[in-house]
Amino acid sequence: MPTMSAAPTLATEPLDEPVFVTAPERDTATRLRHAIADLRASLALWRLGTTLAWTDIKGRYRGSILGPFWVTASTAVMIAALGILYAALFGQSLTDYLPFLTLSLVLWGYLSTVTTEACSCFSGAESAIRARRTPFLLLVGRIVLRNVIVLGHNVLVVVVVFALFGVHPGLTALWCLPGLVLWLLDSIAITVLLGTLGARFRDIPPIVGSLLQIAFFISPVIWKPELIPHAKTWMRFNPFYSLLDVIREPLLDHAVPPVVWGLACVYSALLCLGAAALFLRVRCRLAYWV
Amino acid sequence: MTASNGPLIDVDRLHVSFPLYHGSARSLRRTMADGVSGRLGLDPRRRVVVEALRDVSFRLRAGDRLGLVGGNGAGKTTLLRALAGIYEPVDGTVHVRGRLDALLDANSGMSTGMTGRENINLRCLHAGLTPRQSRAVQDDVQDFADLGSFIDMPVRTYSAGMSVRLGFALTTAINPQVLLMDEWFMAGDSAFLHKAQKRLEAMVQAADILVLSTHQLTIIESWCSEVIWLDQGRIRMHGAPQEVLAAYRGEAPVVTEPA
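Just so you know, the protein sequences line up as chains A and B, in that order.
Take the first sequence: its position 202, counted from the start at 1, is 202 in full-length UniProt numbering, and no numbers get skipped.
Take the second sequence: its position 252, counted from the start at 1, is 252 in full-length UniProt numbering, and no numbers get skipped.
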C-alpha cells in the first residue's frame, strides 16, 4: 500500500512495542505492581515533567516584564513591609527579626502553595488524563517541580537579606540538606494525598485553604517560638513547627534538637504512609473521578 | 512481523461501570424500580453505578479495522477510553500491544493556556520521540495547521477552526500502530475536511489496528473490515460490515449521512 505524502512516516524508525494490560485490582500485590508501573512510567517521562513545570511557570508570567521574578519582587516587598511592622509589634530588633521572617515566609510560601495546588493536581489535569493514558505520578512531579522552581526564585530574597544583615550560618547550614530531602518527600506525599482526595471530593480545596490560613497564624512563621516559652511543649504537636525548624534552624546557625528531628520524621512517615496507602487503593479509579 | 508478536488488542469480558457519587441513592433506586432505566445497578458495596460496558469481548490483530456503531450512550466512547488504558476495568481485562494513540476529543489534551508550539513539544515528549523526530513533527504540524505566527500564541486565543486544525495536525503527525478514533474527528468545515481526509486516510492506512466510532455509516463501510454494534453497553452484534450495518439500519433511527 503506497503511503501518501500527507502524513510523515515516523514509524520507519524502529521503536519497541509497548504493552499494557489493564485488569481489576483484587489484591495488594497487584495494586503495588500497578503503582510501581505508574512510578516507572512517570520517571521515564521526566523530560515531559520538567517541560510541563517550566511551561506552567512561563505561562503564568507570559507577557510580563519581570516574569517569574515577580514572585521574588512580591516576596521582597512583603518581607520589607511585614518585617518593619512586626519587629515593632513584637519589640524585636530588625537585625534579629528580619532574617528569621524572610526565611520563614519563603518556606511557608512554598509549603502553602504546594498544599493548595495539590488539591487540583488531578482534577485540574482532567483533559490530559481523559485524552490519553498518563501516569498520575508524572502530574504530581509537575506540581512539586514547579513549586521548587518558584522557591528557587525566592531564595534570592533570603540571600540578599542574609547578606544585608550579616547572617553567616557557616557549616551548620549544611544540616538543612536532610531537611530539604524530607520536605521533598513530604511535598510528593501531600500532593498525592490531597490530589486524590481533591479529585473525589470537591470540598477539599476550600477546606484545605481555610486550614492553611489557620495553620499560618498558629504556627511560628511570623512570630518566634521563644515568645511563648511555656507553650513550647504542646506546640510540638503542630507538625508545621517541627518541619519548619529542620530547615530554618540550621540556616539561622542554630542546632536542631534530636527531638525536633524525630518528630519531623514521624510526621513525614505518617504522611507518606497515608499517601501511599490511598494511592495504591484508588489509583485505578482516578480517571473515573476527574 | 508475525501475528504472534505484532500489535494486538485483546478484550476479555470487559466490564466498566461509573459510580454515581452526586445523586441521591434513594431516589435513584426508586427510578430503577420504576424501570425507567435498566443500566443503573448497585455494586457489592451498595453504591449506585451506571453500567457503561458489560461483558464485552473481542480480539483484533494487525490489519484489523473495527467500526463501532450504536446510539448515543451505547458505550462507544467508554470502550475507546478503556482500550486506550484510561478507564481501568471493573472486571475482565484489556490487553494492548503496540504504540497507541487515541483521538478522543477535539482538544485531545491540549492546554489552552500554552502556545501551539509548547503543545506540540509536550505531545512529542509524551510520545517519547527523539529530538530529531520532534523537529520533524514540529515542521509537519506547522505546515499542515497553517497557523502562521499564531504558533507562538496561547491556544486559547485561537479561533475554533485554528484550534481544530492544530489538534488534528498534531494527533495525526505521530503515526501510531494502534489508532483509536472517536467521531468528532470526522467533523470540521468543508474546506478543511478535504485536506484532512487525505491525511486521515494515510494515517489510517499506516496504522496496524484501527478502532473507529462514528454515526457516519458510509465511513465505516469504506474503512472497516468488521463492525461491533453496541447497545446499552453490551455487544448486540459483531460481524462483517454489510451484515451488522444492515441490521443496525433496520432498527436504528435514520442518521443523516453526507453524500
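The C-beta atom is built at its ideal place from N, Cα and C for all residues, glycine as well.
At a C-beta separation below 7 Å, D105 of chain B has these neighbours in chain A: A131. Sequence-distant Cβ neighbours of N238 of chain A in its own chain, meaning closer than 6 Å and more than five residues away, are S219. Shortest Cα-Cα distance from P241 of chain B to any of B:Y21, B:F18, B:P19 and B:V69 involves B:V69.
Rounded to whole angstroms, the gap between the alpha carbons of L103 of chain B and I235 of chain B is 22 Å. By the 16-neighbour rule on beta-carbons within 10 angstroms, G179 of chain A is buried. Between the stretch 180-188 of chain A and the stretch 254-274 of chain A, the count of Cβ pairs shorter than 8 Å is three or higher; the stretches touch. For A102 of chain B, the uninterrupted beta strand (DSSP E) run begins and ends at L100 to L103, by DSSP. For N121 of chain B, the residues of chain A that pass the 7 Å Cβ criterion are T51, in the order they occur in the chain. Spanning the alpha carbons of I190 of chain A and A199 of chain A requires a straight line of approximately 14 Å. At a cut-off of 9 Å between beta-carbon atoms, T134 of chain A makes contact with chain B. With fewer than 16 neighbouring CB atoms inside 10 Å of its own CB, D27 of chain A falls in the exposed class. Residues of chain B with a Cβ closer than 9 Å to the Cβ of P24 of chain A are, in chain order, H15, E88, P89, V90, D91, G92 and T93. The three-state secondary structure of M114 of chain B, taken from DSSP, is coil. Annotation for L210 of chain B: R65, L179 and V204 place their beta carbon closer than 6 Å to its own, counting only its chain and skipping 5 residues before and after. In terms of CA proximity to I9 of chain B, B:L79 leads the group B:L79, B:P19 and B:G71. The beta carbon of G141 of chain A does not come within 9 Å of any beta carbon belonging to chain B, so the residue lies off that interface. By the Cβ neighbour-count rule, D56 of chain A is buried, with 16 or more other Cβ atoms within 10 Å of its own. Cβ proximity to chain B below 9 Å picks out nothing from the stretch 141-157 of chain A. With a cutoff of 9 Å on beta-carbon distance, V16 of chain B and G75 of chain B are scored as near each other. Per DSSP, T93 of chain B is one residue of the beta strand (DSSP E) stretching across D91 to R97. When C-alpha distances from V155 of chain B are compared across B:T115, B:D140, B:D146 and B:R123, the shortest belongs to B:T115.
The three-state secondary structure of T130 of chain B, taken from DSSP, is coil. In this chain, the beta strand (DSSP E) harbouring F58 of chain B covers V48 to R61. Residues of chain A whose Cβ lies closer than 7 Å to the Cβ of M162 of chain B do not exist, since the nearest Cβ in that chain is about 18 Å away. Burial is judged here by how many other beta carbons sit within 10 angstroms of a residue's own beta carbon; G239 of chain B has fewer than 16 and is exposed.
For L107 of chain A against I247 of chain A, the beta-carbon gap comes to about 6 Å, under 8 Å, which counts as contact.
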